[in-house]
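So the sequence shown is residues 29 to 379, counted in my numbering. Don't be surprised by glycine CBs; every beta carbon is placed ideally from N, CA and C. Note that the coordinates shown come from a computational prediction; the quantities given were computed from them, not determined experimentally. Accompanying notes for the structure given below.
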Amino acid sequence: MNRSLFGTRRLMAFAGVLWMAALMLGCGSGGEDAPAAVSPPREAKKVTFMAGFKAQANLPFVGAYVAQEKGFFAEQALEVEIRHAQSGEHLQLMLAGEIQFTTANGAQVLQRNAQGLPVVSIALVGQRSEQGYAVLANSGIRSVTDWAGKTFGYKSSVPAEFLAMAGANGLDHETVNKVRVGFDPRILTEGQVDILAVFFSNEPDTLRRLGFETRVFDPNDFGIQSLGLTYVASRDYVASDPDATGRFVKAVLRGIGYADQNRDEALEIVMKFAPQEDREHQRYMLNTELDRAQTEQTRRNGFGWQTREQWQAFHDTLLAFQGIEKPVDVTAAFTDEFVKQAYKDGEFVWP
29 MNRSLFGTRR LMAFAGVLWM AALMLGCGSG GEDAPAAVSP PREAKKVTFM
79 AGFKAQANLP FVGAYVAQEK GFFAEQALEV EIRHAQSGEH LQLMLAGEIQ
129 FTTANGAQVL QRNAQGLPVV SIALVGQRSE QGYAVLANSG IRSVTDWAGK
179 TFGYKSSVPA EFLAMAGANG LDHETVNKVR VGFDPRILTE GQVDILAVFF
229 SNEPDTLRRL GFETRVFDPN DFGIQSLGLT YVASRDYVAS DPDATGRFVK
279 AVLRGIGYAD QNRDEALEIV MKFAPQEDRE HQRYMLNTEL DRAQTEQTRR
329 NGFGWQTREQ WQAFHDTLLA FQGIEKPVDV TAAFTDEFVK QAYKDGEFVW
379 P
């Protein structure tokens, strides 16, 4: 789905009108003091953001949807085309220069860097793992040690966080039978697996609506550092146009902040982009992701905040459990430059 609030010419014309009006007001003011200097309008720029999956209430997607619908991109003199990945092609298109911004989880960022690819996180939205490990509430599985002898279903590869949780609880992960499964969570209710890798904002709600309550093990509850979804760009693009990158980051972070304070309105905006989705499931997704995006760190500094300590701790977990091929310099995998530009003493700065 492609949407654009203004064409490039309209953005430039609108900015020019505002600039001329400001100049006229300044020149018309009386008094001996010279009028304050007025900055010229910024050059309008066109960029493409591709969400990493179908249209839905994943929080980085929401930040872009709200920024588009509320005019935050336009106020940053950006014309943004919003697209959605169809089959995981978004990172490849970004690295090829066909799109400028997309999304990836923390593990993907580090994995691509370990492969020598210049993927860089420009704002960390998911401060905690987006994935947990669900069991049926009546299964009798109450601790990680209870996983021994059970069957674990994973989506694409065994997550490093799963292995780290087992190790942190003294469980030999080889005692757990691991099988690759699809994306239908009913495999858990049908007894084909005992433990299922799930996204916190998705399958637990789907299963509850099917009549099954679950217990979800969260890696962060066991001291396992894990990172969720980020906004990413190529290192080359960030270096070539830090101005556009900074504008984009500021607009989407404002979109996330607005969504947090106006959740019902944000849901309506999501449904404009995803009219085929179930409204109440999207509400659950939005609320869950907003809550998991907030920590003591973000409450102090703002949405999107990221630190070397976070990335290094997650890197070390991935490396220890074969989640990445080799060590990487985490300072090359993220930049906090643009998020820091968006806040001053924890308060958002606009425009």
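- Minimum Cα-Cα distance from Q143 among the listed residues G351, G239, Q325 corresponds to G351.
- Within a 10 Å sphere around the beta-carbon of K300 sit fewer than 16 other beta-carbons, which makes this residue exposed.
- Minimum Cα-Cα distance from I223 among the listed residues R208, K372, S229, F100 corresponds to R208.
- Distances from the CA of T326 to each of T359, A348, I284, E308 were compared; the closest alpha carbon is that of I284.
- Boundaries of the beta strand (DSSP E) around G160: 159-164.
- Judged by DSSP in its simplified three-state form, T359 adopts helix.
- Fewer than three Cβ pairs drawn from the stretch 336-353 and the stretch 106-126 lie within less than 8 Å of each other, which leaves the two stretches out of contact.
- Checking the DSSP bridge columns, you'll see E109 partnered with T76.
- Taking a C-beta distance under 8 Å as the contact criterion, I150 and V277 qualify as a contact pair.
- Counting C-beta pairs with one atom in each stretch, the stretch 241-250 and the stretch 130-149 have fewer than three that are closer than 8 Å, which means they do not touch.
- By alpha-carbon distance to V260, the top candidate from R237, L121, Q104 is L121.
- In the three-state reduction of the DSSP assignment, T203 falls in the helix class, which pools H, G and I.
- In this model, Y312 and E353 are separated by some 35 Å (Cα to Cα).
- With fewer than 16 other Cβ atoms from the protein chains shown falling within 10 Å of its own Cβ, L238 counts as exposed.
- DSSP places T217 outside any beta strand (DSSP E); the residue lies instead in the alpha helix (DSSP H), whose first and last residues are 214-217.
- Of the residues A294, Q304, F362, the one whose Cα lies closest to the Cα of R140 is F362.
- When the five nearest sequence neighbours on each side are left out, the beta carbons in the same chain lying within less than 6 Å of the beta carbon of A302 are those of A83, Q84, in order along the chain.
- In the DSSP assignment, G195 is bridged to no other residue.
- In the three-state DSSP reduction, K354 falls in the coil class, being neither helix nor strand.
- Sixteen is the threshold: since fewer than 16 other Cβ atoms of the shown chains lie within 10 Å of the Cβ of S268, the residue is exposed.
- Between K74 and A105, the C-beta gap is not smaller than 8 Å, which leaves the two residues out of contact.
- According to the DSSP assignment, L257 belongs to the beta strand (DSSP E) that extends over 257-262.
- Nearest to E365 by alpha-carbon distance, out of E293, G274, F331, is G274.
- When DSSP assignments are scanned along the stretch 279-345, the uninterrupted stretches of alpha helix (DSSP H) that are 4 or more residues long and fall wholly within it turn out to be 291-301, 307-320, 324-329.
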